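Since the structure comes first, as structure tokens, the remarks are kept for the end.
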Amino acid sequence: MSCDLARLQADFARALNGDNKAVEHRLTSDRFSGGQRLQIYRNNYVISLSDVLAAGYPLLRAVIGEECFSALARHYVMHHPLTCADVSAYGAGLDSSIAALPHIEQAVPYAADLAHFEWQLDVVQQSYATAPRPDCQPLTRLAALSAAQQAQARLQLSPWVSLFSAPYALFDLRAAFHNDDFSALQLAEAQRGLIACDSDGQPWTRACSDSEYHLLHALSAATPLGAITAELLATLPALTQLDIVAGFTLPGTE
1 MSCDLARLQA
11 DFARALNGDN
21 KAVEHRLTSD
31 RFSGGQRLQI
41 YRNNYVISLS
51 DVLAAGYPLL
61 RAVIGEECFS
71 ALARHYVMHH
81 PLTCADVSAY
91 GAGLDSSIAA
101 LPHIEQAVPY
111 AADLAHFEWQ
121 LDVVQQSYAT
131 APRPDCQPLT
141 RLAALSAAQQ
151 AQARLQLSPW
161 VSLFSAPYAL
171 FDLRAAFHND
181 DFSALQLAEA
191 QRGLIACDSD
201 GQPWTRACSD
211 SEYHLLHALS
221 AATPLGAITA
231 ELLATLPALT
241 QLDIVAGFTL
251 PGTE
């Protein structure tokens, strides 16, 4: 790529985000001036990326409303230029943009947490599609280990498992939307749990008890089974049924 072309592309990218000066004089004027042409391009650019954000944040869009979401999306797009043709990772940090807009935070105090929650759904999908499968032993071999070996074993969560905690019942909120039933929703209650993908790469969520969450946190930190309390380990059978544990590793045998 020539330096002139690279410079033109960089200038045009800046123009899409509001800085017309670098390229306006290079655009041919007929029915529309250079500035008007840039505005048309910019509008299409904002609309296209706003559609990407809407697809990634459907719950947030439903909660804050179409008009507010459109304004938020435009704000995000204008402050976060697209840096590559792949838009699969576009939308990261929308929760920070919400935190910088007090009127949204005041109207919907959980909006930033909800955006972070929905982004994690996207993250686990990307991990399922791109992360290498763990090189570990299957859980079925765990029973064949001696007691000493079992104490040293480290269970490994699948790469597409993410732990999430928030001061709002966002797991229940997602379920309420899916079931179209908000009658039992207690949104002001803190909730934590896991976000993962099924065998088809589709994300799912599950609220967890304190013991389950602490166990998952210990496993994600590669804590040996012998260093985990019996109270937490008592929740392990239910969690392994969720197909979120890839297997185990044993020091000295990897």
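In UniProt numbering, the protein residues as written are 1 to 254.
Even for Gly, the Cβ is constructed at its ideal location relative to N, Cα and C.
Since the structure is predicted, the reported quantities are computational estimates derived from the model, not experimental observations.
| query | result |
| --- | --- |
| In terms of DSSP beta bridges, what is residue 196 paired with? | 204 |
| Beta-carbon within less than 6 Å of residue 189's beta-carbon, same chain only, minus the 5 sequence neighbours each way: which residues are those? | 169 |
| Pick out the complete alpha helix (DSSP H) segments inside the segment 205-247, 4 residues or longer, and give them in chain order. | 210-220, 230-233, 236-240 |
| Using the rule of at least 16 other Cβ atoms within 10 Å of the residue's Cβ for burial, across every protein chain shown, is residue 133 buried or exposed? | exposed |
| Using C-beta distances below 7 Å, list every residue in its chain close to residue 131, excluding the 5 sequence neighbours before and after it, in chain order. | 159, 160 |
| Where residue 252 and residue 220 are concerned, what is the direct C-alpha to C-alpha distance, given to the nearest angstrom? | 20 Å |
| Check this for me: beta carbons of residue 166 and residue 117, under 8 Å apart or not? | yes |
| Could you tell me the distance, in whole angstroms, from the CA atom of residue 85 to the CA atom of residue 187? | 38 Å |
| Going by the CB atoms, is the gap between residue 154 and residue 249 shorter than 8 Å? | yes |
| Runs of 4 residues minimum, wholly inside the segment 73-118: which ones carry the alpha helix (DSSP H) assignment? | 94-99, 102-107 |
| How far does the beta strand (DSSP E) with residue 164 in it extend, from its first residue to its last? | 162-166 |
| Quick check on residue 201: buried or exposed, where buried means 16 or more other Cβ atoms within 10 Å of its Cβ? | exposed |
| In the DSSP assignment, what are the bridge partners of residue 263? | One cannot answer for residue 263 here, as it falls past the ends of the chain, which runs 1 to 254. |
| Rounded to whole angstroms, what is the Cα-Cα separation between residue 195 and residue 124? | 7 Å |
| Between 228, 72, 180, 175, which has its C-alpha nearest residue 203's C-alpha? | 175 |
| Name, in chain order, the residues that DSSP records as bridge partners for residue 137. | 248 |
| Grab me the residues of residue 239's own chain with a C-beta within less than 8 Å of its C-beta, minus the 5 sequence neighbours each way, in chain order. | 212, 215, 216, 245 |
| Determine the DSSP secondary structure at residue 191, reduced to helix, strand or coil. | strand |
| Can you tell me whether residue 159 is helix, strand or coil according to DSSP? | coil |
| Which same chain residues, not among the five before or five after residue 139, have their C-beta less than 7 Å away from its C-beta? | 240, 245, 247, 248 |
| What do you reckon, are the CB atoms on residue 193 and residue 208 nearer than 8 Å? | yes |
| To the nearest whole angstrom, what separates the beta carbons of residue 218 and residue 232, a pair I think is in contact under 8 Å? | 7 Å |
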